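Asks:
2 protein chains.
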Amino acid sequence: MAKTRSYSKKREGILEVMRQTNCHPSAEWVYQKLKPKFPDLSLGTVYRNISLFKEEGTVISIGTVGGQERYDANLAPHAHLVCDKCGAVADVWTELPVDSFYQEVEGTCGGKILRHEVIFHGLCQNCLEAETAFIES
Amino acid sequence: MAKTRSYSKKREGILEVMRQTNCHPSAEWVYQKLKPKFPDLSLGTVYRNISLFKEEGTVISIGTVGGQERYDANLAPHAHLVCDKCGAVADVWTELPVDSFYQEVEGTCGGKILRHEVIFHGLCQNCLEAETAFIES
DNA sequence: TTCGTTGCAAACATTTTGCAGTTTC
DNA sequence: GAAACTGCAAAATGTTTGCAACGAA
Chain G
689 MAKTRSYSKK
699 REGILEVMRQ
709 TNCHPSAEWV
719 YQKLKPKFPD
729 LSLGTVYRNI
739 SLFKEEGTVI
749 SIGTVGGQER
759 YDANLAPHAH
769 LVCDKCGAVA
779 DVWTELPVDS
789 FYQEVEGTCG
799 GKILRHEVIF
809 HGLCQNCLEA
819 ETAFIES
Chain V
689 MAKTRSYSKK
699 REGILEVMRQ
709 TNCHPSAEWV
719 YQKLKPKFPD
729 LSLGTVYRNI
739 SLFKEEGTVI
749 SIGTVGGQER
759 YDANLAPHAH
769 LVCDKCGAVA
779 DVWTELPVDS
789 FYQEVEGTCG
799 GKILRHEVIF
809 HGLCQNCLEA
819 ETAFIES
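The listed protein sequences derive, respectively, from chains G and V.
Offset between the first sequence (1-based) and this note's numbering: plus 688.
Offset between the second sequence (1-based) and this note's numbering: plus 688.
(1) List the endpoints of the continuous alpha helix (DSSP H) containing residue 718 (chain G).
(2) With respect to the alpha helix (DSSP H) encompassing residue 739 (chain G), which residues constitute its N-terminal and C-terminal limits?
(3) In this structure, does DSSP put residue 749 (chain V) in helix, strand or coil?
(4) Taking just the CA atoms, how far does residue 776 (chain V) sit from residue 814 (chain V)?
(5) Starting from the C-beta of residue 700 (chain G), find all residues in its chain whose C-beta is less than 6 Å away, skip the five residues before and the five after it, and write them out in chain order.
(6) Which bits of chain G does residue 764 (chain V) rub up against, with CB to CB less than 8 Å?
(7) For chain V, find out if any of its Cβ atoms is closer than 7 Å to the Cβ of residue 768 (chain G); answer yes or no.
(8) Note down the Cα distance separating residue 771 (chain G) from residue 809 (chain G), rounded to an integer number of angstroms.
(9) Closer than 8 Å, Cβ to any Cβ of chain V: which residues of the stretch 726-754 of chain G, in chain order?
(10) Mind checking residue 797 (chain G): buried by the 16 CB within 10 Å criterion, or exposed?
(11) Straight-line CA distance for residue 703 (chain G) to residue 767 (chain G)?
(12) Leaving aside the five residues before and after residue 794 (chain V) along the sequence, list all residues of the same chain whose C-beta is less than 6 Å from its C-beta, in chain order.
(13) In the DSSP assignment, find the unbroken alpha helix (DSSP H) run with residue 817 (chain G) in it and report its ends.
(14) Could you spell out where the alpha helix (DSSP H) holding residue 797 (chain G) opens and where it closes?
(15) Kindly indicate which three-state DSSP category residue 803 (chain V) falls into: helix, strand or coil?
(16) Give the single residue among V:788, V:799, V:784, V:787 whose Cα lies nearest to the Cα of residue 769 (chain G).
(17) So what does residue 760 (chain G) bridge to, in DSSP terms?
Okay, here's the thing in structure tokens:
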């Protein structure tokens with residue numbers, strides 16, 4: 689049978705922090721962000737709770753950037769832009785018609801598609817502006 | 689100035705193995721595959737050379753599956769299907785018109801897009817068939 | 001009281017690195 | 001001979017886990 693779940697102030701805090709940001713945080717980032725509020729917080733607890741969130745679908749993993757897994761608590765379907773320079777992950781809300789290809793893709797590869805992810809790579813706004821300023825100087 | 693590059697039999701072997709498979713190998717997989725041919729091969733050498741390939745664009749990283757980075761030496765633009773069950777990565781050759789949105793996306797997010805990646809998640813053909821067989825039994 | 005939750009530190013797994021010896025040019 | 005390449009083992013990094021103490025129901 690399914691495991692019961694007790695209330696936990698720290699779990700609540702972890703989810704809250706993840707929902708309040710759109711920086712697609714790593715576990716470490718969440719930990720640092722919460723450390724002032726919960727001085728006895730442990731990194732293991734952050735990992736354990738994020739694990740739970742992933743299992744129940746409360747947050748999703750959007751991949752690894754610079755060796756660290758990054759998460760998103762915003763479940764509305766959207767794409768991401770990963771900055772090659774600074775590792776920032778920005779939301780991309782442009783609608784991309786990838787969904788409409790599921791059936792076609794399943795037909796050619798013989799598998800079953802449950803979801804998809806679009807990741808753009810390049811420069812975030814900050815790094816692009818910094819680079820442009822440098823070239824113009 | 690740019691560093692010169694010497695010939696290396698092992699480097700050649702590593703690239704050859706990566707080009708001959710379409711399993712999107714991890715460093716460990718490449719190492720195991722080459723160990724019989726080069727009994728004194730070291731895992732560090734595999735990592736170092738794959739690093740070079742990535743820098744010069746000879747292979748690309750397609751992300752991390754089950755904690756291991758996976759690579760693709762096939763540079764023709766295509767998408768991938770990552771199996772949630774067994775971690776296999778399959779090529780998806782269906783053309784997805786994501787490129788045509790670069791300009792629009794750059795306009796809304798203010799960054800610079802250099803490339804993109806589409807990752808489908810679900811079940812590979814093998815795992816789908818296994819599951820179907822199980823349900824029908 | 002029972003069982004989920006946590007801190008802590010140790011354990012793990014993957015990847016990187018320093019160094020001394022080897023190979024390429 | 002100089003510079004690149006490699007094996008090896010140690011280090012670094014991110015993540016997981018065992019256990020005893022703690023907190024919620």
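All C-beta atoms in this analysis are idealised placements derived from N, C-alpha and C, irrespective of residue type, glycine included.
Remember, predicted model here, so these are calculated numbers, not experimental data.
Replies: If we stick to the structure as given:
(1) In the first sequence, the residue the question calls residue 718 (chain G) occupies position 30. Segment 715-722, the alpha helix (DSSP H) holding residue 718 (chain G).
(2) Taking the first sequence and counting its residues from 1, the one referred to as residue 739 (chain G) is at position 51. 731-744 is the extent of the alpha helix (DSSP H) around residue 739 (chain G).
(3) Walking along the second sequence from the start, residue 749 (chain V) turns up at place 61. The answer is strand: DSSP assigns residue 749 (chain V) an E or B state.
(4) One-based indexing of the second sequence puts residue 814 (chain V) at position 126. One-based indexing of the second sequence puts residue 776 (chain V) at position 88. About 10 Å.
(5) Counting from one through the first sequence, the residue named residue 700 (chain G) turns up at place 12. The answer is none, since no qualifying residue turns up.
(6) Position 76 of the second sequence, counting from 1, holds the residue named residue 764 (chain V). Correct list: empty, because the minimum Cβ distance to chain G is about 15 Å.
(7) One-based indexing of the first sequence puts residue 768 (chain G) at position 80. Chain V contact via Cβ: absent.
(8) As a first step, residue 771 (chain G) must be located in the first sequence, where it is residue number 83. As a first step, residue 809 (chain G) must be located in the first sequence, where it is residue number 121. Spanning the two alpha carbons is a distance of roughly 6 Å.
(9) 751, 752
(10) Locating residue 797 (chain G) in the first sequence gives position 109, counting from the first residue. Buried.
(11) Residue mapping note: residue 703 (chain G) aligns to position 15 of the first sequence, counting from 1. Residue mapping note: residue 767 (chain G) aligns to position 79 of the first sequence, counting from 1. For residue 703 (chain G) and residue 767 (chain G), the distance between alpha carbons rounds to 21 Å.
(12) Position 106 of the second sequence, counted from the start, is the residue given in the question as residue 794 (chain V). Excluding sequence neighbours, residue 794 (chain V) sits near 801.
(13) Start at 1 with the first residue of the first sequence, and residue 817 (chain G) comes out as number 129. Here the alpha helix (DSSP H) through residue 817 (chain G) covers 813-824.
(14) To locate residue 797 (chain G), count along the first sequence from 1; it is residue 109. Element bounds for residue 797 (chain G): 790-797.
(15) Here residue 803 (chain V) refers to the residue found at position 115 of the second sequence. Residue 803 (chain V) falls in the strand class under three-state DSSP.
(16) Taking the first sequence and counting its residues from 1, one reaches residue 769 (chain G) at position 81. Residue 769 (chain G) has its Cα closest to that of V:799, out of V:788, V:799, V:784, V:787.
(17) Reading the first sequence from its first residue, position 72 is the one you call residue 760 (chain G). Bridge partners of residue 760 (chain G): G:748.
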